[in-house]
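Enquirer: Can you read through this structure? Questions will come right after.
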Amino acid sequence: MLQTKKISSVELTQTFLGRIAQHNPNINAYIALDEAKSLAQAKAADALIAAGKAEPLTGIPIAQKDIFCAKDWPTTCGSKMLANFVAPYDAHVITQFDAVGAVNLGKTNMDEFAMGSSNETSYFGGVKNPWDTERVPGGSSGGSAAAVAARLCAAATGTDTGGSIRQPASLCGFTGLKPTYGVVSRYGMIAFASSLDQAGPMAKSAEDCALMMNVMAGFDERDSTSLNREKEDYTRDLAKPLQGLRVGLPKEFFAEGLDAGVGKVIDEAIAAYKKLGAEIVEISLPNTGLSIPVYYVLAPAEASSNLSRYDGVRYGHRTAEYSDLMDMYCKSRAEGFGAEVKRRILIGTYVLSAGYYDAYYLKAQQIRRLIAEDFVEAFKQCDVIMGPAAPSTAFKAGEKVDDPVAMYLQDIYTISTNLAGLPGMSVPAGFSNGLPVGLQIIGNYFDEARMLNVAHQYQQVTDWHLQMPQGIE
Amino acid sequence: MEWEVVIGLETHTQLKTNTKIFSGASTAFGAEPNTQACEVSIALPGVLPVLNREAVNCAIKFGLAVNAEIAPRSVFARKNYFYPDLPKGYQISQYELPVVGKGAVTIQVPAVGKHPAYEKVVNITRAHLEEDAGKSVHGAVEGMSGIDLNRAGTPLLEIVTEPDMRSAAEAVAYAKKLHELVQWIGICDGNMQEGSFRCDVNVSVRKKGSDTLGTRREIKNLNSFKFMQQAIEYETRWQIETLEDGGTIQQATVLFNPDTGETRAMRSKEEANDYRYFPDPDLLPLTISEEDKARVKAQMPELPEAMKARFEAEFGLTSYDAATLTASRELADFFVQTVHAGAEAKPAANWVMGAVSAKLNAEEKSLTDSPVNPNQLASLLKRIADNTISNNAAKQVFEALWNGEGDVDAIIAAKGLKQESDSGAIEAIIDEVLKANPAMVEEFKAGKEKAFNALVGQAMKASKGKANPAQVNEILKKKLS
Amino acid sequence: MALSIEDIKKVAHLARLEISDADASATLAKLSGILGLIEQMQAVDTTGIVPMSHSQDLSQRLRDDIVTKTNQREAFQKNAPMLGNGSAELAVAEGLYLVPKVIE
Numbered sequence: 037m038l039q040t041k042k043i044s045s046v047e048l049t050q051t052f053l054g055r056i057a058q059h060n061p062n063i064n065a066y067i068a069l070d071e072a073k074s075l076a077q078a079k080a081a082d083a084l085i086a087a088g089k090a091e092p093l094t095g096i097p098i099a100q101k102d103i104f105c106a107k108d109w110p111t112t113c114g115s116k117m118l119a120n121f122v123a124p125y126d127a128h129v130i131t132q133f134d135a136v137g138a139v140n141l142g143k144t145n146m147d148e149f150a151m152g153s154s155n156e157t158s159y160f161g162g163v164k165n166p167w168d169t170e171r172v173p174g175g176s177s178g179g180s181a182a183a184v185a186a187r188l189c190a191a192a193t194g195t196d197t198g199g200s201i202r203q204p205a206s207l208c209g210f211t212g213l214k215p216t217y218g219v220v221s222r223y224g225m226i227a228f229a230s231s232l233d234q235a236g237p238m239a240k241s242a243e244d245c246a247l248m249m250n251v252m253a254g255f256d257e258r259d260s261t262s263l264n265r266e267k268e269d270y271t272r273d274l275a276k277p278l279q280g281l282r283v284g285l286p287k288e289f290f291a292e293g294l295d296a297g298v299g300k301v302i303d304e305a306i307a308a309y310k311k312l313g314a315e316i317v318e319i320s321l322p323n324t325g326l327s328i329p330v331y332y333v334l335a336p337a338e339a340s341s342n343l344s345r346y347d348g349v350r351y352g353h354r355t356a357e358y359s360d361l362m363d364m365y366c367k368s369r370a371e372g373f374g375a376e377v378k379r380r381i382l383i384g385t386y387v388l389s390a391g392y393y394d395a396y397y398l399k400a401q402q403i404r405r406l407i408a409e410d411f412v413e414a415f416k417q418c419d420v421i422m423g424p425a426a427p428s429t430a431f432k433a434g435e436k437v438d439d440p441v442a443m444y445l446q447d448i449y450t451i452s453t454n455l456a457g458l459p460g461m462s463v464p465a466g467f468s469n470g471l472p473v474g475l476q477i478i479g480n481y482f483d484e485a486r487m488l489n490v491a492h493q494y495q496q497v498t499d500w501h502l503q504m505p506q507g508i509e
Numbered sequence: 006m007e008w009e010v011v012i013g014l015e016t017h018t019q020l021k022t023n024t025k026i027f028s029g030a031s032t033a034f035g036a037e038p039n040t041q042a043c044e045v046s047i048a049l050p051g052v053l054p055v056l057n058r059e060a061v062n063c064a065i066k067f068g069l070a071v072n073a074e075i076a077p078r079s080v081f082a083r084k085n086y087f088y089p090d091l092p093k094g095y096q097i098s099q100y101e102l103p104v105v106g107k108g109a110v111t112i113q114v115p116a117v118g119k120h121p122a123y124e125k126v127v128n129i130t131r132a133h134l135e136e137d138a139g140k141s142v143h144g145a146v147e148g149m150s151g152i153d154l155n156r157a158g159t160p161l162l163e164i165v166t167e168p169d170m171r172s173a174a175e176a177v178a179y180a181k182k183l184h185e186l187v188q189w190i191g192i193c194d195g196n197m198q199e200g201s202f203r204c205d206v207n208v209s210v211r212k213k214g215s216d217t218l219g220t221r222r223e224i225k226n227l228n229s230f231k232f233m234q235q236a237i238e239y240e241t242r243w244q245i246e247t248l249e250d251g252g253t254i255q256q257a258t259v260l261f262n263p264d265t266g267e268t269r270a271m272r273s274k275e276e277a278n279d280y281r282y283f284p285d286p287d288l289l290p291l292t293i294s295e296e297d298k299a300r301v302k303a304q305m306p307e308l309p310e311a312m313k314a315r316f317e318a319e320f321g322l323t324s325y326d327a328a329t330l331t332a333s334r335e336l337a338d339f340f341v342q343t344v345h346a347g348a349e350a351k352p353a354a355n356w357v358m359g360a361v362s363a364k365l366n367a368e369e370k371s372l373t374d375s376p377v378n379p380n381q382l383a384s385l386l387k388r389i390a391d392n393t394i395s396n397n398a399a400k401q402v403f404e405a406l407w408n409g410e411g412d413v414d415a416i417i418a419a420k421g422l423k424q425e426s427d428s429g430a431i432e433a434i435i436d437e438v439l440k441a442n443p444a445m446v447e448e449f450k451a452g453k454e455k456a457f458n459a460l461v462g463q464a465m466k467a468s469k470g471k472a473n474p475a476q477v478n479e480i481l482k483k484k485l486s
Numbered sequence: 002m003a004l005s006i007e008d009i010k011k012v013a014h015l016a017r018l019e020i021s022d023a024d025a026s027a028t029l030a031k032l033s034g035i036l037g038l039i040e041q042m043q044a045v046d047t048t049g050i051v052p053m054s055h056s057q058d059l060s061q062r063l064r065d066d067i068v069t070k071t072n073q074r075e076a077f078q079k080n081a082p083m084l085g086n087g088s089a090e091l092a093v094a095e096g097l098y099l100v101p102k103v104i105e
């Protein structure tokens with residue numbers, strides 16, 4: 037669009053900044069904006085375009101989840117702990133976008149330290165779902181989700197530890213992809229649960245996600261878990277027909293707990309795939325139910341350790357009054373972290389503490405292997421797995437705040453792919469009672485290009501991904 | 006009642022790398038505070054560790070040097086605790102699967118009083134890679150501590166022994182041996198003042214003959230062998246007295262105060278620790294193949310044990326001399342270079358262990374600062390061997406060499422120390438002596454052997470010490486027969 | 002395993018989180034619910050299953066021992082927290098981070 041000179045990057049950036057000025061006070065998707073910085077990048081991008089050095093995302097305004105360190109930008113991770121932290125370096129993901137001349141439009145709101153499924157744990161207040169502002173956008177990438185849904189950016193980044201890209205994509209009606217663990221570098225991405233965290237794109241369509249992946253993915257020697265693979269073009273297979281595609285439907289994804297309205301939308305999407313030439317295979321992922329207990333041992337355990345660096349010594353919140361070192365630690369951390377983060381630190385500390393390690397942590401790692409092996413078996417019978425991304429549509433703000441277990445169940449269909457390290461995505465598949473429903477597509481390791489193809493072909497025959505919430509045109 | 010002390014050591018050796026174990030920040034000592042504390046060192050949000058190849062090579066070298074099992078797969082774990090000099094709130098270490106497994110070192114325990122010197126094998130339990138913490142500095146601001154994270158992330162190899170030692174002398178002998186070994190194989194600079202080699206000593210006592218271990222107390226951070234000796238001796242006495250007075254020993258971490266010569270329990274470590282170890286998800290398992298080991302082995306110097314055996318076989322040195330010369334790499338190198346420069350092995354060994362070492366000790370110099378180098382020593386020994394100078398004269402030449410008075414031959418010439426080996430000249434001197442001492446000649450002929458030595462002495466005196474004593478003996482014998 | 006208030010307080014102390022008695026009680030109820038969820042794992046026989054720490058079975062990559070970092074103390078210390086206890090200064094002096102006196 038920009039290369040054809042219909043509009044300049046500066047104009048496009050200004051348009052989005054205008055929309056943000058208009059809608060953000062209500063939606064609360066962005067928690068940091070810097071018009072001057074964004075426009076300077078846009079100007080530089082226009083120069084690149086004029087010089088004929090443009091790449092697909094040159095000059096495109098991207099919203100960055102506030103979990104990515106971006107040099108000289110506030111980087112808070114949605115926490116009071118880092119409310120005054122200005123990152124002195126760039127995350128790998130930010131560097132990658134800078135390298136192609138994309139515009140950083142601002143930092144988006146999120147659940148504190150990415151812990152939440154509704155964006156209600158953010159220190160900077162909840163985010164409203166553009167489809168119904170009484171409802172949550174999902175989480176933890178709730179700000180990015182609302183920004184994409186309300187067209188307050190061209191595309192956004194998110195991170196997904198247990199569903200934090202896919203569940204909000206489902207609840208806000210757009211396309212979101214969590215890549216294979218290790219495909220996108222975690223360097224500069226503030227850690228929640230290191231062995232599960234993975235960054236990915238959030239955008240209107242699968243095609244846009246593919247273009248985003250071309251920028252975000254790639255080897256980074258600063259992340260020991262970054263995979264050293266050849267660079268790939270994620271758009272290469274978009275046009276392939278789906279004739280003969282084997283789609284696995286895990287019976288556990290359609291059992292008790294799934295909202296009937298959501299189930300209906302998913303059934304219709306499957307029917308559409310049949311029309312596109314796909315074969316349907318019934319499969320089983322027998323340990324799906326265990327993914328939540330396993331996750332709520334492993335993720336808090338890793339988080340409890342990852343969050344120990346926030347001690348008020350070198351950066352971050354330090355309490356105003358303290359008597360000694362112990363007092364400073366305990367008060368700074370109690371004040372700097374919100375309730376959900378503290379709960380998870382406590383659980384994580386508990387499951388790792390002397391006498392409990394084997395019963396909790398080791399056991400969870402063993403079951404993690406069983407869950408991963410379920411997928412290995414399943415992919416012997418099918419090419420992709422489909423099902424709902426979330427068990428319900430967007431729920432009302434405040435509805436699950438006091439019931440962590442109910443909140444955790446939001447991720448029942450997404451967590452197992454994080455545990456296995458597999459790629460997963462959510463694709464808009466329709467509406468239930470006027471609220472978006474996402475179809476989840478799970479692929480085998482490194483099958484992102486095929487998944488994007490599967491989503492893209494669906495988006496050629498449907499227009500769910502093009503629909504916009506009312507009142508924000 | 007007879008008591009026995011049981012001692013095990015945990016030694017933190019700082020590895021000689023350019024950069025930190027998990028980041029590209031410099032490890033150079035003595036920089037301004039926090040100027041070598043990169044984003045990884047200070048644990049900024051979002052940073053990640055990547056392992057330094059050289060640190061791994063150092064661990065492999067150590068494993069090979071103590072004949073240990075080197076784990077084909079080892080795992081980094083997080084040790085979680087809060088301390089201001091530990092920026093992440095956890096230390097990356099190795100817990101269940103360390104890189105180096107069971108091994109052993111042979112130590113030489115020196116003679117003490119009536120007890121002769123002896124050898125002993127100390128078993129190594131394990132050695133693991135980990136990162137060092139930063140430092141707390143006091144005094145910058147009243148009532149506060151200052152945190153300097155330059156040292157945070159410096160690679161350490163923690164070497165743990167079995168509780169095999171039974172005296173302070175054995176513990177010190179082990180520590181010294183290990184100190185030499187890590188320098189020998191080039192993995193540690195051994196600088197104890199700068200904290201490159203720090204020992205924690207676990208001490209417990211039990212009744213002699215008992216096979217259960219007593220409760221141990223851990224003496225932390227000993228950075229001199231003298232303090233180690235004093236600390237263990239004090240701690241042993243304290244534990245025995247406590248038990249004999251009907252008390253019990255509580256497991257504790259203690260510090261040694263060199264000013265009082267006493268140990269005392271640390272206040273900050275009173276509460277029981279629960280380190281919540283778990284495998285670090287930011288790091289993958291470290292794998293070491295046979296090829297990796299072979300490659301590192303090829304870069305390693307000959308080890309002290311092998312060199313000792315070679316010195317005995319190749320140079321005919323005694324076991325004691327070979328052990329002494331291979332106690333440090335510098336000493337062994339100095340000896341070998343002296344031999345390569347043309348000296349005979351046995352005198353070279355004697356001079357290196359004798360005159361050279363004595364001079365260095367007296368002047369508190371290390372071998373690298375020795376004013377006499379192996380080439381000069383070899384020149385000197387060659388002049389003894391070819392009868393140019395006597396052993397006595399050689400000592401004067403050595404002294405002059407040490408003081409930088411020129412090369413060996415110039416000193417011999419300048420001081421007129423060349424010994425007389427012209428038999429005609431010696432004969433003339435002896436004739437003079439015999440003429441001047443008829444009484445002595447009579448005594449000798451009457452059977453007094455001592456008189457012969459007196460005549461030799463007179464002849465040497467007459468030659469002003471320059472006559473070759475062996476020749477004097479020979480000619481005198483002939484003349485008197 | 003039933004959780005007690007003492008457990009909560011002990012764990013909070015390990016995690017260096019100040020917690021009031023009232024908060025400890027409220028937290029107890031929520032954590033008990035979560036632990037109840039976690040307990041489902043105990044029904045699974047995991048004998049002989051190798052624990053899974055990473056999704057890919059790979060080895061640690063090694064970095065060359067070359068200095069790549071330069072001094073960024075000034076930039077990093079701009080993020081230092083306020084000293085507190087009545088001082089609005091940053092908690093740094095002479096290049097050091099300042100904390101209450103560390104007692105050995």
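Protein chains in written order, with the working numbering: chain A, 37 to 509; chain B, 6 to 486; chain C, 2 to 105. We put the beta carbon where it would ideally sit given N, CA and C, even for glycine.
Helix, strand or coil: how does DSSP classify histidine 133 (chain B) here?
Expert: In the second sequence, the residue the question calls residue 133 (chain B) occupies position 128. Strand, per DSSP.
Enquirer: For histidine 353 (chain A), does the three-state DSSP call read helix, strand or coil?
Expert: Sequence index remark: in the first sequence, residue 353 (chain A) carries index 317 (1-based). Coil.
Enquirer: With H, G and I counted as helix, E and B as strand and the rest as coil, what does DSSP make of threonine 131 (chain A)?
Expert: Translated into the one-based positions of the first sequence, residue 131 (chain A) becomes position 95. In the structure shown, threonine 131 (chain A) sits in a helix (DSSP, three-state: H, G or I).
Enquirer: Can you tell which of B:Arg131, B:Trp8, B:Gly252 and B:Asn196 has its C-alpha closest to the C-alpha of tyrosine 100 (chain B)?
Expert: Translated into positions along the second sequence, residue 100 (chain B) becomes position 95. Tyrosine 100 (chain B) has its Cα closest to that of B:Arg131, out of B:Arg131, B:Trp8, B:Gly252 and B:Asn196.
Enquirer: Looking at chain B, is there any beta carbon in it that lies within less than 8 Å of the beta carbon of glutamate 40 (chain C)?
Expert: Residue mapping note: residue 40 (chain C) aligns to position 39 of the third sequence, counting from 1. No, glutamate 40 (chain C) does not count as interfacial toward chain B.
Enquirer: Count the other C-beta atoms from every protein chain shown that fall within 10 angstroms of the C-beta of asparagine 473 (chain B), then say buried if there are 16 or more, exposed otherwise.
Expert: On the second sequence, position 468 is the one that residue 473 (chain B) refers to. Counting Cβ neighbours within 10 Å, asparagine 473 (chain B) comes out buried, since at least 16 surround it.
Enquirer: Who pairs with glycine 429 (chain B) in a beta bridge, going by DSSP?
Expert: Locating residue 429 (chain B) in the second sequence gives position 424, counting from the first residue. Bridge partners of glycine 429 (chain B): none, in fact.
Enquirer: Since glutamine 489 (chain B) sits in a beta bridge, which residues does DSSP pair it with?
Expert: This structure cannot speak to residue 489 (chain B), because chain B is shown only from 6 to 486.
Enquirer: Going by the DSSP bridge assignment, what does asparagine 262 (chain B) pair with across the sheet?
Expert: Here the question's residue 262 (chain B) lines up with position 257 in the second sequence. Answer is B:Glu267.
Enquirer: For a quick check, are the C-beta atoms of valine 420 (chain A) and valine 490 (chain A) less than 8 Å apart?
Expert: The count along the first sequence starts at 1 and reaches residue 420 (chain A) at position 384. The count along the first sequence starts at 1 and reaches residue 490 (chain A) at position 454. Closer than 8 Å, so yes.
Enquirer: Give the straight-line distance between the Cα atoms of glutamate 74 (chain B) and glutamate 163 (chain B), rounded to the nearest whole angstrom.
Expert: In the second sequence, residue 74 (chain B) corresponds to position 69, counting from 1. In the second sequence, residue 163 (chain B) corresponds to position 158, counting from 1. About 15 Å.
Enquirer: Once you ignore the five residues that flank aspartate 287 (chain B) on each side, which residues in its own chain have a CB closer than 7 Å to its CB?
Expert: The residue you call residue 287 (chain B) lines up with position 282 of the second sequence. The residues are Leu53 and Pro54.
Enquirer: Consult DSSP for glutamate 275 (chain B) and reduce its assignment to one of helix, strand or coil.
Expert: To locate residue 275 (chain B), count along the second sequence from 1; it is residue 270. For glutamate 275 (chain B), the predicted model reports a pLDDT of 48, less than 50, meaning its position is unreliable and no value from the coordinates is stated.
Enquirer: Using the rule of at least 16 other Cβ atoms within 10 Å of the residue's Cβ for burial, across every protein chain shown, is histidine 143 (chain B) buried or exposed?
Expert: As a working mapping, residue 143 (chain B) is identified with position 138 in the second sequence. Per the 10 Å Cβ criterion, exposed.
Enquirer: Between phenylalanine 320 (chain B) and chain C, is any beta-carbon pair separated by less than 8 Å?
Expert: For the purposes of this step, residue 320 (chain B) is identified with residue 315 of the second sequence, where counting begins at 1. No, because no Cβ of chain C sits closer than 8 Å to the Cβ of phenylalanine 320 (chain B).
Enquirer: If aspartate 269 (chain A) sits next to alanine 430 (chain A), beta carbons under 8 Å apart, how far is it from one beta carbon to the other, in whole angstroms?
Expert: Walking along the first sequence from the start, residue 269 (chain A) turns up at place 233. Walking along the first sequence from the start, residue 430 (chain A) turns up at place 394. That pair is no contact at about 34 Å.
Enquirer: If contacts are defined as beta-carbon pairs under 8 Å, then serine 98 (chain B) and proline 290 (chain B) qualify, I think. What distance do you get, rounded to the angstrom?
Expert: By one-based count along the second sequence, residue 98 (chain B) stands at place 93. By one-based count along the second sequence, residue 290 (chain B) stands at place 285. Contact flag wrong, Cβ pair sits at about 15 Å.
Enquirer: I need the straight-line Cα distance from alanine 127 (chain A) to alanine 182 (chain A), nearest angstrom please.
Expert: In the first sequence, the residue the question calls residue 127 (chain A) occupies position 91. In the first sequence, the residue the question calls residue 182 (chain A) occupies position 146. In a straight line, the C-alpha of alanine 127 (chain A) is about 23 Å away from that of alanine 182 (chain A).
Enquirer: Where does the unbroken beta strand (DSSP E) through arginine 282 (chain A) begin, and where does it stop?
Expert: The residue you call residue 282 (chain A) lines up with position 246 of the first sequence. 282-286 is the span of the beta strand (DSSP E), which, as asked, contains arginine 282 (chain A).
Enquirer: List the whole-angstrom C-beta distance separating valine 100 (chain C) from serine 150 (chain B), where the pair is believed to meet the contact cut-off of C-beta under 8 Å.
Expert: Within the third sequence, numbered from 1, the residue matching residue 100 (chain C) stands at position 99. Within the second sequence, numbered from 1, the residue matching residue 150 (chain B) stands at position 145. Indeed, because the Cβ distance is near 5 Å, the residues count as touching under 8 Å.
Enquirer: Would you list the residues sitting across from cysteine 496 (chain B) in a DSSP beta bridge?
Expert: Because chain B is modelled from 6 through 486, residue 496 (chain B) falls outside the range shown and cannot be assessed.
Enquirer: How many angstroms separate the CA atom of alanine 64 (chain B) from the CA atom of valine 105 (chain B)?
Expert: The residue given as residue 64 (chain B) occupies position 59 in the second sequence. The residue given as residue 105 (chain B) occupies position 100 in the second sequence. Approximately 7 Å, taken between the alpha carbons.
Enquirer: On the DSSP bridge list, what partners appear for leucine 97 (chain C)?
Expert: For the purposes of this step, residue 97 (chain C) is identified with residue 96 of the third sequence, where counting begins at 1. Answer is C:Ala94, bridged to leucine 97 (chain C).
Enquirer: What in chain C is Cβ-close to arginine 369 (chain A), meaning under 9 Å?
Expert: Within the first sequence, residue 369 (chain A) is the residue found at index 333, counting from 1. Per Cβ cutoff of 9 Å: Ala16, Arg17, Leu18 and Glu19.
Enquirer: Quick check on this structure: which residue in A:Gly198, A:Glu292 and A:Ser341 has the alpha carbon closest to the alpha carbon of alanine 82 (chain B)?
Expert: For the purposes of this step, residue 82 (chain B) is identified with residue 77 of the second sequence, where counting begins at 1. Measuring from the Cα of alanine 82 (chain B), the nearest candidate turns out to be A:Ser341.
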